[in-house]
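*Asks:* Under our numbering, the first residue of the sequence shown carries the number 775, and numbering increases by one thereafter.
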Amino acid sequence: MKICIDPGHGGWDPGAVSGVRREKDYTLRLGLRVAQIVTDQGHEAVLTRSADVSLGSTEALDLAARCKIASGCGAMLSIHLNSAVAVATGLEVLFETENNRSLAQAVLSEILKVAPAIDRKVKVQKLGALPNGGRAVLAEMGFINNPADVKMLEAHFEQYCQALVRGLFKGLGLEWKEEEDDMVRYEKIEDVPADWGRDTIQKLIDKDLLAVPDDGKIDISRDMLRVLVINDRMGLYN
Ligand SMILES: [Zn+2]
């Protein structure tokens, strides 16, 4: 299937901004990785943008251009970050037409599986960028003005991306090939999942059992990480 991946905002439109953090940068990073996973899974990913650009000189033109790209695809995933005046936290997936409720729920359920984030539920919302009646959802990947949400996003970046695609595939009835999982590599310690692997890696580094090169790139495969964590749980590194 041809799947449109839409990193929200870009160019003159930064999206939500909090200090030095801009929504458009996070959505692009997420979108590029999500598109790569879709491609690795054997489907065609069509990005609305792959650089820091807008698709039109006004918001309406920009949305129309995204909609046009998506209309040539079987489904669309828009990626955004939330912001709020008051303190808010969590993930939510928006959909416009009732036929997309289960797709939105599938995407949200998968991302909530990989991180202890707050479930803000799926919500109906008018989404100008989505083609009328087409399969389309918009994922809000946390609040940019909530440091805890941004930290969660950074710590679970790869898992979030994998889960977005897995949820999309589930909702669309496409097969998810688990092999992709085994090809995941963690370049830096920050990439290692904090909920199950990072403590082990930190312990190995602290005990000089794992050398960290000057560039900080440990480059460990998920398979290797699993082995190290099992060894750790068996007490081999105590
Ligand atoms: Zn946005």
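Glycine included, every Cβ here is placed at the ideal spot set by N, Cα and C. These numbers come from a predicted model, not from an experiment.
1. Straight-line CA distance for Ser876 to Gly945?
2. For the pair the stretch 856-876 and the stretch 919-937, tell me if three or more CB-CB distances fall below 8 Å.
3. Hey, would you say Lys991 sits closer than 7 Å to Glu961, going by beta carbons?
4. Give me the Cβ distance between Leu938 and Leu837, rounded to the nearest whole Å; I'm assuming they're in contact under 8 Å.
5. Evaluate Gln936 with the Cβ neighbour count: other Cβ atoms within 10 Å of its Cβ, from every protein chain shown; 16 or more gives buried, anything less gives exposed.
6. With contact counted as at least three CB pairs below 8 Å, one residue from each stretch, are the stretch 779-789 and the stretch 815-826 in contact?
7. With a threshold of 8 Å on Cβ separation, who are the neighbours of Ala968 within its own chain once the five nearest residues in sequence on each side are excluded?
8. Is it the case that the CB of Glu797 approaches a heavy atom of ligand 1 more closely than 6 Å?
9. Can you name the residues that DSSP bridges to Val820?
10. Taking 7 Å as the cut-off, decide whether the C-beta atoms of Asp893 and Arg840 are in contact.
11. Is it buried or exposed, Glu914, if we count other Cβ atoms within 10 angstroms and call 16 or more buried?
12. Which one of Lys842, Tyr800, Asn874, Glu797 has the shortest CA to CA distance from Gly1015?
13. May I ask whether a heavy atom of ligand 3 can be found less than 6 Å away from the beta carbon of Gly782?
14. Quick check: does the Cβ of Gly789 come within less than 6 Å of any heavy atom belonging to ligand 1?
15. Rounded to whole angstroms, what is the Cα-Cα separation between Asp982 and Asp973?
16. Given this structure, state the Cα-to-Cα distance separating Arg807 from Arg959, to the nearest angstrom.
*Replies:* Result, derived from the coordinates:
1. 6 Å
2. yes
3. yes
4. Actually they do not touch by this definition, with Cβ atoms about 21 Å apart.
5. buried
6. When Cβ pairs closer than 8 Å are counted between the two stretches, the stretch 779-789 is seen to touch the stretch 815-826, the count reaching three or more.
7. Ala929, His930
8. Relative to ligand 1, the beta carbon of Glu797 is positioned inside 6 Å of a heavy atom.
9. Cys778
10. no
11. buried
12. Because the chain here runs from 775 to 1012, residue 1015 falls outside it and cannot be looked at.
13. Questions concerning ligand 3 fall outside what the structure shown contains, since the ligands it does hold are ligand 1.
14. yes
15. 14 Å
16. 13 Å
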